[in-house]
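Structure, as structure tokens:
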Ligand code: MOS
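Residue numbers (my numbering): 62 to 761.
Listed below in structure tokens is the structure:
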């Protein structure tokens, strides 16, 4: 028996509430983020955004900027290094004179100090030939078309049965429209990069959710081998999707470093982020539901209209969850998109599900009112046996369990269904519920596991910690697979020099990385078990990847489910809505670390609270950009806005996922929360508000 391995089951099974390994570094400021690396002779960059919404740059006058002290260069489309190709055209910065939207970068000042770079950027004079622009999305917009697919590769339109006939025949119907405004990711750490070239090798510290793809993109853009590029994302201060793809800061910093021959640091100004790091596109949604008097749905239509930019097509898949949530023999789900002169939308936490389930779950609440049926009961009556869209079996589906346990924990009953009848002084009180779902995604990843001669272990994989606790959870997965105490396992993540892996996105990080880590560690354990005598001085190393395991589509429909319950108070004098209590119950497979998982769930729910009550921006039709571009005008919830928030989960066993039995948990918390709060506002006031966010001006 090898001394590395005690006999019997792993002494440290999954599910322990371990603290984040890098928690102390983070709270003491020792952890360094992308903009906190300052190589010797580092220069600083400050970008120049376009001030017109559409047109061409006719001239860039950099004369004054270049006379300022400490300024070393101003890059424009005329002198910037040429880029090769990118599958994301938003990365082709400073390559041509076209301005596709306001805020698009047209120049970059580089100087010895941040202050000098900023002063230089201010003096760059850009002349434009402007063209008419249009940033206003309407349901009848002439540019609307039906895309071939929407995000996630789903077909834009699905029809089952005969919706029109069933809806016309249904004894009880609702036909309602909801809007979700543009939403911004606004991670605490802005998008930042520090880049340098050394003997032809490009190194970039980048604020990214996954540096494997950033490395590939930079290699393609600068015509390099992947081995000639290193992208490090050691600590990342949130992303919520906006750092899920390569962003201009990495490209601009690398260009400026090449142009000047010095390391260059670029942190995007907060007010410029909405234009260049993606946003959740607005959605104009219509939901029609038809049901029998028993509440069983006979017809369901969900139609979503959204925008994209003229740079690339990005279609928020808001109607997709309507295809799998409820029994619906007659169903129509459609998406239409209009390419407008707006910044390019992109991924934001639970893309598709967050806005789509807001509309669907709000409409369901309206149906419950029309039926005079309890909204929890209505959902239970529409529980499908198989996924309606594909007829595949669910790998596991415990929505009903979540609704039951949530109702119990929240104290849903007894509930007077009448709206506007609970008063506390000038406050009106109400409760609301909504369901949540998010698909299980798993993407091929590779990992390396090493056993050292001294009894220590090391796991290497290009996972990213965006605040989730990835290092800690992966150590737990490795320890369980190896059958050793977790503290004997070192975890190395956050560099493209490590084995390539899925980004921290799509709620797919832990499942994808964990599988590769589990596989490498299981192979290492087998190798050690067979080994007799002491290990060689350099130990053993095993590599594994999950290409094979992830190559085929699962025969099962795999989703996390949840139920969110909210209690609100509405101030009849000020119109302010406050969420007194928010309870979420989730079924998301095995929870690998309850401490970090709870923070994922409650973080998502808090973001849903923001979506319901305060977040949202507007496109200024005159100037063509977002009117709310900083945290003073774009409000996100502060601690004082979150009174009591609880996340719970069911113990769910699902053998059809991965060796850990886990589903993703990063996004489902936001799904359903806005609808639960909106439904509670109706219950409090009797007013059905269908345009987010529910700010005091709308409530009064
Ligand atoms: Mo998330 S929007 O997939 O980073």
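Where is the CB? At the ideal position from N, CA and C, for every residue including glycine.
Would you call the stretch 485-503 and the stretch 379-393 touching, i.e. three or more CB-CB distances under 8 Å? Yes: the two stretches touch, three or more of their Cβ pairs being nearer than 8 Å.
Is residue 410 near ligand 1, going by C-beta to nearest heavy atom under 6 Å? If you check the C-beta of residue 410 against ligand 1, you find a heavy atom less than 6 Å away.
Name the two residues that bound the continuous alpha helix (DSSP H) containing residue 364. Unbroken run through residue 364 is the beta strand (DSSP E), 358-369; no alpha helix (DSSP H).
Leaving out five residues before and five after residue 655 in sequence, what residues of the same chain have Cβ atoms less than 6 Å from its Cβ? Leaving aside the five residues that flank residue 655 on each side, the residues in its chain whose CB is nearer than 6 Å to its CB run, in chain order, 78.
So what's residue 327 in DSSP terms, helix, strand or just coil? For residue 327, the three-state secondary structure derived from DSSP is strand.
Option in 760, 396, 608 and 251 with minimal Cα separation from residue 211: The candidate whose alpha carbon is nearest that of residue 211 is 396.
Going by the DSSP bridge assignment, what does residue 257 pair with across the sheet? When beta bridges are read from the DSSP output, residue 257 appears opposite 264.
Using the rule of at least 16 other Cβ atoms within 10 Å of the residue's Cβ for burial, across every protein chain shown, is residue 700 buried or exposed? In this structure residue 700 is exposed. Its beta-carbon is surrounded by fewer than 16 other beta-carbon atoms within 10 angstroms.
At a threshold of 6 Å, does residue 305 count as lining ligand 1 (C-beta to nearest heavy atom)? Checking the Cβ of residue 305 against ligand 1 gives yes.
Is it right to say residue 325 is buried, meaning 16 or more other beta carbons lie within 10 angstroms of its own, or is it exposed? So residue 325 ends up on the buried side.
Using a Cβ-based criterion (distance less than 6 Å to any ligand heavy atom), does residue 575 qualify as near ligand 2? Among the ligands modelled here, namely ligand 1, ligand 2 does not occur.
On the DSSP bridge assignment, give the partners of residue 489 in chain order. Beta-bridge partners assigned by DSSP to residue 489: 484 and 631.
Three-state secondary structure (DSSP) of residue 561: The three-state reading of DSSP puts residue 561 in coil, since its state is none of H, G, I, E or B.
Sequence-distant residues of its chain with Cβ nearer than 6 Å to residue 296 (five each side left out): Answer for residue 296: 92 and 94, listed in chain order.
From 329, 430 and 182, pick the residue whose C-alpha is nearest to that of residue 748; which is it? Of the candidates 329, 430 and 182, the one whose C-alpha sits nearest the C-alpha of residue 748 is 430.
I'd like to confirm something about residue 76: is its beta-carbon nearer than 6 Å to some heavy atom of ligand 1, or not? The answer is no for residue 76.
Using 10 angstroms around the beta-carbon of residue 459, count the other beta-carbons present and answer buried if the total reaches 16, otherwise exposed. Flag for residue 459 reads buried.
Backbone CA spacing between residue 573 and residue 562 [nearest angstrom]: Whole-angstrom Cα-Cα distance: 8 Å.
Which residues in the same chain as residue 69 place their Cβ atom closer than 7 Å to its Cβ, once the five residues preceding and following it in sequence are excluded? Its pLDDT being 46, under 50, residue 69 is placed unreliably in this model, and the value from its coordinates should be taken loosely. For residue 69, where only same-chain residues beyond five positions count, there are no Cβ hits under 7 Å.
Less than 8 Å between the CB atoms is what I'm expecting for residue 623 and residue 646, so what's the real figure, rounded? Confirmed, about 6 Å.
Hey, could you find the ends of the beta strand (DSSP E) residue 760 is sitting in? Element bounds for residue 760: not the beta strand (DSSP E) but the alpha helix (DSSP H), 757-760.
What first and last residue would you give for the alpha helix (DSSP H) that runs through residue 684? For residue 684, there is no enclosing alpha helix (DSSP H), as DSSP marks it with neither H nor E.
Verify whether the separation of the beta carbon atoms of residue 170 and residue 126 is less than 7 Å. Yes, the pair counts as a contact, with Cβ atoms nearer than the cut-off.
When burial is assigned at 16 or more other CB atoms within 10 Å of the CB, is residue 75 buried or exposed? Residue 75 counts as buried, since no fewer than 16 other beta carbons sit within 10 angstroms of its beta carbon.
Quick one: give me the first and last residue of the alpha helix (DSSP H) that residue 413 is part of. Segment: none, residue 413 is in no alpha helix (DSSP H) and carries neither H nor E.
Shorter than 6 Å, the distance from the beta carbon of residue 566 to the closest heavy atom of ligand 1, or not? With a cutoff of 6 Å, residue 566 counts as near ligand 1, since its C-beta is closer than that to a heavy atom of the ligand.
Could you tell me which residues DSSP puts in a beta bridge with residue 188? When beta bridges are read from the DSSP output, residue 188 appears opposite 120.
Can you find a heavy atom of ligand 1 that lies under 6 Å from the Cβ of residue 201? In this structure, ligand 1 has no non-hydrogen atom nearer than 6 Å to the beta-carbon of residue 201.
By DSSP, does residue 372 sit in helix, in strand, or in coil? Coil.
Rounded to a whole number of angstroms, what is the C-alpha to C-alpha distance between residue 337 and residue 235? Taking the straight line joining both Cα atoms gives about 39 Å.
Can we say the stretch 523-543 touches the stretch 479-487, given the rule of at least three CB pairs closer than 8 Å? No contact exists between the stretch 523-543 and the stretch 479-487.
Starting from residue 710, trace the beta strand (DSSP E) both ways and give me its first and last residue. Under the DSSP assignment, residue 710 falls in the beta strand (DSSP E) whose first and last residues are 706-710.
Hey, is residue 302 close to ligand 1, as in C-beta under 6 Å from one of its heavy atoms? For residue 302, the Cβ falls inside the 6 Å cut-off from some heavy atom of ligand 1.
Examine the Cβ distances between the stretch 521-530 and the stretch 592-599 and report whether three or more of them are shorter than 8 Å. At 8 Å Cβ cutoff, the stretches do not touch.
Name the residue from 433, 520, 640 and 401 whose alpha carbon lies nearest to the alpha carbon of residue 604. With respect to the C-alpha of residue 604, the residue from 433, 520, 640 and 401 having the closest C-alpha is 520.
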